[in-house]
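Residue 1 is where the sequence shown starts when you use this note's numbering, and the numbers rise one by one after that.
For each residue, glycine too, the CB sits at the ideal point set by N, CA and C.
Here the structure is a predicted model, which is why all the values come from computation and not from measurement.
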Amino acid sequence: MVQHAPHRRTAVYTGSFDPITLGHLDVIERASRIFDAIVVGVGINPEKQPIFSLAERVQLVRESVAGLPNVRVELFSGLSVAFVREQGAHVLLRGVRSLTDIDAEFTMTLANRKLDPAVETVFLMADAQYSHISSSLLKQITPLADDDALLKFVPPPVVAPLRRTLSGPA
1 MVQHAPHRRT AVYTGSFDPI TLGHLDVIER ASRIFDAIVV GVGINPEKQP IFSLAERVQL
61 VRESVAGLPN VRVELFSGLS VAFVREQGAH VLLRGVRSLT DIDAEFTMTL ANRKLDPAVE
121 TVFLMADAQY SHISSSLLKQ ITPLADDDAL LKFVPPPVVA PLRRTLSGPA
């Protein structure tokens, strides 16, 4: 019987994380049990108007994943597949919430495969309790919701910064 040396399986989860939500955190936590290491790549989506700066988003993700020893957070620019390769990985992790997400992710996966056939995309479905959470929803409810209500959508480190950013002057 041939024994192979174990090798480290790293997955890279990219997104704008503006802000990180409980849905994102659920995908990261579940992936951290499947893969040896997870790199969360916080990037810029030119099609979106961000709530938080890139530095703030990186910090909020780091605080939110602090309890997961095999997860690290990096900022990136450019193509996700290039970032995956820079991390020495071959797996691009994507979370999907709905059929609309699947349609968009399918197109992106085909493009990524053309850009770098060695990078495989792995999808994790969002838990049903988080499938409705989006940046747009957070923008709508933050001025009206109390902190306990916001904790149903975002990790604790995000509540105060979200409130400061979206609630406006008191």
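Practice item. Could you tell me which residues DSSP pairs with Glu29 in its beta bridges? Key: For the purposes of this step, residue 29 is identified with residue 29 of the sequence shown, where counting begins at 1. Paired residues: none, contrary to the question.
Check your understanding: Exposed or buried, which one is Ser64 when buried takes at least 16 other CB atoms within 10 Å?
Key -> Translated into positions along the sequence shown, residue 64 becomes position 64. So Ser64 counts as buried.
Point to revise | Completely contained alpha helix (DSSP H) runs for the segment 43–125, where each covers 4 or more residues | key: 54–64, 80–86, 99–115
Practice item. Please say whether Ile28 and Ile44 have beta carbons closer to each other than 8 Å? Key: For this step, residue 44 is matched to residue 44 along the sequence shown. For this step, residue 28 is matched to residue 28 along the sequence shown. No.
Practice item. Give the straight-line distance between the Cα atoms of Arg163 and Ala82, rounded to the nearest whole angstrom. Key: As a position in the sequence shown, residue 163 is number 163, starting the count at 1. As a position in the sequence shown, residue 82 is number 82, starting the count at 1. Going from the Cα of Arg163 to the Cα of Ala82 covers about 34 Å.
Review point. For Ile38, which of helix, strand or coil comes out of DSSP?
Key: Here residue 38 is taken as the residue at index 38 of the sequence shown, counted from 1. DSSP places Ile38 in strand when its eight states are reduced to three.
Point to revise | Sub-8 Å separation of Pro161 and Phe52 beta-carbons | key: Numbered from its first residue, the sequence shown carries residue 161 at position 161. Numbered from its first residue, the sequence shown carries residue 52 at position 52. Yes. Within cutoff.
Practice item. Tell me whether Ala149 is buried or exposed, calling it buried when 16 or more other Cβ atoms sit within 10 Å of its Cβ. Key: The residue labelled residue 149 in the question sits at position 149 within the sequence shown. Per the 10 Å Cβ criterion, exposed.
Point to revise | C-alpha gap between Asp26 and Thr10, whole angstroms | key: Taking the first residue of the sequence shown as 1, we reach residue 26 at position 26. Taking the first residue of the sequence shown as 1, we reach residue 10 at position 10. Their backbone Cα atoms lie some 17 Å apart in a straight line.
Practice item. Compare the C-alpha of Gly23 against each of Asp116, Ile141, Val12, Ser135 and name the closest. Key: Counting from one through the sequence shown, the residue named residue 23 turns up at place 23. Among Asp116, Ile141, Val12, Ser135, the Cα nearest to that of Gly23 belongs to Ser135.
Review point. Just to confirm, are Leu92 and Asn70 a CB contact at a threshold of 8 Å?
Key: Here residue 92 is taken as the residue at index 92 of the sequence shown, counted from 1. Here residue 70 is taken as the residue at index 70 of the sequence shown, counted from 1. Against a cut-off of 8 Å, the Cβ pair of Asn70 and Leu92 comes out as no contact.
Exercise for review: Report back the beta-carbon spacing between Val40 and Val73 to the nearest angstrom; my notes put them in contact at under 8 Å.
Suggested key: Translated into the one-based positions of the sequence shown, residue 40 becomes position 40. Translated into the one-based positions of the sequence shown, residue 73 becomes position 73. Rounded, the Cβ-Cβ distance is 5 Å, consistent with contact.
Exercise for review: Count the other C-beta atoms from every protein chain shown that fall within 10 angstroms of the C-beta of Ala55, then say buried if there are 16 or more, exposed otherwise.
Suggested key: Indexing the sequence shown from 1 puts residue 55 at position 55. It is exposed - the Cβ of Ala55 has fewer than 16 other Cβ atoms within 10 Å.
Point to revise | Thr165, enclosing alpha helix (DSSP H) - first and last residue | key: Looking up residue 165 in the sequence shown gives position 165. Here the alpha helix (DSSP H) through Thr165 covers 156–166.
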